[in-house]
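Read the structure below first, then the notes.
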């Protein structure tokens, strides 16, 4: 019974992380200019072509849907943790000046990063509503 409770809790944590990552990824397709500006400001990458953002968005979309479905959890959860970790750490200037503009909102990245870590760390217990759960086969 206790493992089932943990599995259900991890499922809802996975869905909530997916929701945020999905919206951020969707932004790359719906507003590539915004995504390009984010890459320039936070990652110091200045791609001049929209195709770069579309390619990154397509790759992220594959990763986050694998994450949502619990496919290859070691890799999909690990990649989501890395993607969000890089995103969180790249905004270091906003953490140094929290009360200017919308910088306070950047602090919401830390609990989500913790959620990504918990999901990666407890990935073997996250079995509720995964693809293997529906297909009745065990997967790492």
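In the numbering used here, the protein residues as written are 523 to 662. For each residue, glycine too, the CB sits at the ideal point set by N, CA and C.
Could you check the C-alpha separation between residue i and residue j for me, to the nearest Å?
{"i": "residue 619", "j": "residue 625", "result": "7 Å"}
{"i": "residue 527", "j": "residue 655", "result": "15 Å"}
{"i": "residue 517", "j": "residue 549", "result": "This structure cannot settle anything about residue 517, because the visible part of the chain is limited to 523 through 662."}
{"i": "residue 586", "j": "residue 648", "result": "15 Å"}
According to the neighbour-count rule (16 or more other Cβ atoms, all chains shown, within 10 Å of its Cβ), is residue i buried or exposed?
{"i": "residue 560", "result": "buried"}
{"i": "residue 582", "result": "buried"}
{"i": "residue 622", "result": "exposed"}
{"i": "residue 552", "result": "exposed"}
{"i": "residue 539", "result": "buried"}
Is DSSP giving residue i helix, strand or coil here?
{"i": "residue 613", "result": "coil"}
{"i": "residue 529", "result": "helix"}
{"i": "residue 570", "result": "coil"}
Check the C-beta distance from residue i over to residue j and give it rounded, since I have them as a contact under 8 Å.
{"i": "residue 638", "j": "residue 603", "result": "4 Å"}
{"i": "residue 536", "j": "residue 589", "result": "7 Å"}
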